[in-house]
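For the sequence shown, our numbering gives the first residue as 25, with consecutive numbering after it. Written out below as structure tokens is the structure these notes cover.
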Amino acid sequence: MSYLTLYRKYRPQTFSETVEQLAVIKTLQNAIVHDRKAHAYIFAGPRGTGKTSLARIFAKAVNCTNQKKDSAEPCNTCENCIAITNGNHMDVMEVDAASNTSVDNVRELIEKVSYLPAMAKYKLYIIDETHMLSNSAFNALLKTLEEPPAHVVFILATTDPHKIPVTIQSRCQRLDLTKISQEAIVAHLQNILSKEKIKISDEAVKMIAKYSGGHMRDALSICDQVLAFSDGTIELSHVLDIVGTANMDDIAQLLELITSGKIKEYFEKIESLFFKGLDPLRFVTDVIEFYRNILLMKLNLNSMVLLTDSVKSSLMKIDKKYNKEQISDILKKLSFSIQDIRYMENSMVYVETLLLDVLVPWTEEQKMAGSPIENSVKQATPSAIKVKEKIEPPKVTVEKEVEVVKENTAPPITKPEPEIEYGEAEDMGNMDFVTVKHHWPKVLGQLKVKSKMKLRALISEGMPIKFQDNTIIFGFKKGHEFHYNKMTEEENLTVMNTIIREVFHNKASIKFQLIDSNDMPIHLGNDSFEEKTLIDKKDIPDHVKKIMEAVEGEVI
Numbered sequence: 025m026s027y028l029t030l031y032r033k034y035r036p037q038t039f040s041e042t043v044e045q046l047a048v049i050k051t052l053q054n055a056i057v058h059d060r061k062a063h064a065y066i067f068a069g070p071r072g073t074g075k076t077s078l079a080r081i082f083a084k085a086v087n088c089t090n091q092k093k094d095s096a097e098p099c100n101t102c103e104n105c106i107a108i109t110n111g112n113h114m115d116v117m118e119v120d121a122a123s124n125t126s127v128d129n130v131r132e133l134i135e136k137v138s139y140l141p142a143m144a145k146y147k148l149y150i151i152d153e154t155h156m157l158s159n160s161a162f163n164a165l166l167k168t169l170e171e172p173p174a175h176v177v178f179i180l181a182t183t184d185p186h187k188i189p190v191t192i193q194s195r196c197q198r199l200d201l202t203k204i205s206q207e208a209i210v211a212h213l214q215n216i217l218s219k220e221k222i223k224i225s226d227e228a229v230k231m232i233a234k235y236s237g238g239h240m241r242d243a244l245s246i247c248d249q250v251l252a253f254s255d256g257t258i259e260l261s262h263v264l265d266i267v268g269t270a271n272m273d274d275i276a277q278l279l280e281l282i283t284s285g286k287i288k289e290y291f292e293k294i295e296s297l298f299f300k301g302l303d304p305l306r307f308v309t310d311v312i313e314f315y316r317n318i319l320l321m322k323l324n325l326n327s328m329v330l331l332t333d334s335v336k337s338s339l340m341k342i343d344k345k346y347n348k349e350q351i352s353d354i355l356k357k358l359s360f361s362i363q364d365i366r367y368m369e370n371s372m373v374y375v376e377t378l379l380l381d382v383l384v385p386w387t388e389e390q391k392m393a394g395s396p397i398e399n400s401v402k403q404a405t406p407s408a409i410k411v412k413e414k415i416e417p418p419k420v421t422v423e424k425e426v427e428v429v430k431e432n433t434a435p436p437i438t439k440p441e442p443e444i445e446y447g448e449a450e451d452m453g454n455m456d457f458v459t460v461k462h463h464w465p466k467v468l469g470q471l472k473v474k475s476k477m478k479l480r481a482l483i484s485e486g487m488p489i490k491f492q493d494n495t496i497i498f499g500f501k502k503g504h505e506f507h508y509n510k511m512t513e514e515e516n517l518t519v520m521n522t523i524i525r526e527v528f529h530n531k532a533s534i535k536f537q538l539i540d541s542n543d544m545p546i547h548l549g550n551d552s553f554e555e556k557t558l559i560d561k562k563d564i565p566d567h568v569k570k571i572m573e574a575v576e577g578e579v580i
């Protein structure tokens, strides 16, 4: 006899053998015991959760000739049970809707419905992947589903119930099967492998359960594949080689390098993992799972964390570097990136930089200092970043020539200051509103240099209106409350104050206010702020104000 795969060999044959799905099982058992069977059911749920198996068990239970009183379990020894188990019962027909999608297939099925059962009490039609039927096929099935013969039961199994028309769903009793928990999959696999006399480590069976994604058939298929790869004993390394992912210890070590700021070691480690054939998409999925476990630990849900002790210790180390809000933000960003990775040509490079951008637990000071990549480059090549070092020119004594030249020279051409970094500059001295107006474009420029384009867009809706007590008063017209609220957030205020001090070389600060439109100064001139001349609206004649309000214009 040819080899029978594990999921076929150990397909459940009774309700008690079915893993989880307690609500569905209880509903079917009560319907059988109390003779309240519906004429049509929809079994909806993910793949590999027991839809077809439960349909067959139900078919055996309603047709079992040796069934005990007040019991819904089939005997599996009578003629009907054996024939249904072997798949050759005349009155239990399984139809693959994916292969029989047309209306002609359904009409052929409907013609046979009126015939009485040949061997059993009920005729059962198990239509698998029902959502694959065409609209015309569904329409042809409507009348039969609404008023079928008393001896017929339909079971429609589907993974996409939303694709089944509501007119069909309203004629059926819908039962939803759920994904199977990792704990249940682990216990079931250990039971099966012990019957097969196969040894498997705890780490290996947990890894199989994890990568099955709650689908029992997938878990058993991975077991079959690993058995063919190993020599009778399944270890964690065998499972990792089959599923194409990294050991959780390696992932934990990699994430520790990121959170510790060891960028060089991080790149070396992740490159070695990718070189071994690590799938970038699956790797990011593992990282998401890793940080989900950290969040569970922060919420004191340690019982839900199915990891080895060594990985748990790494979790506890990384856990101290984040709060719950940061972890939640990390999970959102990584989850959104999954779709990008699927269609990325060089997904390896994308994942390398993505983890740095998302996972480094920056403080406000670290954010202002720059990204970890920039900092690592600075540490690696300090001589290349010394832009601001002053090179003293050689002293030459040419006093007479200098005096002659001074009389006829034009004002010296000032070279633009390098935008790479700001050191501790000297105080500009007496700072006033004219200085603020003149240098304000530099503030906008620094926002662009620091990639703070959102802040730049926000403050473009207002303008500096005065300077007092060493503070720039920046006004927004009423109606721009959103801009005002965003700019007064602590993080954005910190960024603005830092740039103000860098540009004006003064311990000045900025304060945002909402100003009534009548008190808001308007500007004359072109679009460059340093060329705008501010005037007060009080100086504008009343008839001009009325015209401006009517056409929503400005003085030019």
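Even glycine gets a Cβ: it sits at the ideal position worked out from N, Cα and C.
- Contact between residue 182 and residue 153 holds: CB atoms are separated by about 6 Å, below the 8 Å threshold.
- Between residue 210 and residue 233, the beta carbon gap of about 5 Å places them in contact (Cβ cut-off 8 Å).
- The alpha carbon of residue 188 has as its nearest neighbour, out of 66, 518, 522, 29, the alpha carbon of 66.
- Assigned with DSSP and collapsed to three states, residue 362 falls in helix.
- In this structure residue 77 is in contact with residue 35, their Cβ atoms being roughly 6 Å apart against a cut-off of 8 Å.
- With a contact defined as Cβ atoms closer than 8 Å, residue 483 and residue 511 qualify at about 7 Å.
- Inclusion of residue 479 and residue 509 in the CB contact set at 8 Å is not warranted, their separation being larger than that value.
- Per DSSP, the unbroken beta strand (DSSP E) holding residue 65 starts and ends at 64-68.
- Taken atom to atom, the span from the alpha-carbon of residue 274 to that of residue 335 is near 9 Å.
- In the DSSP assignment, no residue is bridged to residue 523.
- Linking residue 477 to residue 518 through their CA atoms gives a straight-line distance of about 15 Å.
- No residue range can be given for residue 34, since it is assigned to no beta strand (DSSP E) and is classified by DSSP as neither H nor E.
- Secondary structure note for residue 43: it is in no beta strand (DSSP E), with a DSSP letter that is neither H nor E.
- Linking residue 342 to residue 351 through their CA atoms gives a straight-line distance of about 11 Å.
- Boundaries of the beta strand (DSSP E) around residue 486: 486-492.
- According to DSSP, residue 182 shares a beta bridge with 68.
- Between the stretch 279-287 and the stretch 238-258 there are fewer than three inter-stretch CB-CB distances shorter than 8 Å, so the stretches are not counted as touching.
- In the structure shown, residue 117 adopts extended strand secondary structure according to DSSP, grouped into three states.
- With a cutoff of 8 Å on beta-carbon distance, residue 64 and residue 150 are scored as not near each other.
- Comparing alpha carbon positions, the residue from 135, 62, 125, 93 closest to residue 83 is 62.
- Selection 320, 145, 177, 289 evaluated against residue 133 yields 177 as nearest (Cα-Cα).
- Put simply, the backbone Cα of residue 370 is about 23 Å away from that of residue 271.
- In this structure, the beta-carbon distance from residue 495 to residue 523 does not fall below 8 Å.
- When 148, 308, 503, 100 are compared, the shortest CA-CA separation from residue 41 is found for 100.
- A straight line joining the alpha-carbon of residue 85 with that of residue 56 spans about 8 Å.
- Looking at the backbone, the Cα of residue 98 and that of residue 37 are separated by about 8 Å.
- Assignment of residue 198 by DSSP, reduced to helix, strand and coil, places it in the strand class.
- In terms of Cα proximity to residue 60, the closest of 459, 50, 261 is 50.
- Around the Cβ of residue 362, a 10 Å sphere holds fewer than 16 other Cβ atoms; the residue is exposed.
- Setting aside the 5 residues that flank it on each side, residue 312 is surrounded in the same chain by 355, 358, 359, each with a C-beta closer than 7 Å to its C-beta; the list follows chain order.
- Straight-line measurement puts the Cα of residue 235 at about 13 Å from the Cα of residue 207.
- According to the DSSP assignment, residue 371 belongs to the alpha helix (DSSP H) that extends over 371-383.
- By the beta-carbon neighbour count (other beta carbons within 10 angstroms, threshold 16), residue 44 is buried.
- Using a Cβ distance threshold of 8 Å, residue 121 and residue 148 do not count as a contacting pair.
- In this structure residue 239 does not touch residue 131 by the C-beta definition: roughly 34 Å separates them, more than the 8 Å allowed.
- Residue 91 carries a coil assignment under DSSP once its states are collapsed to helix, strand and coil.
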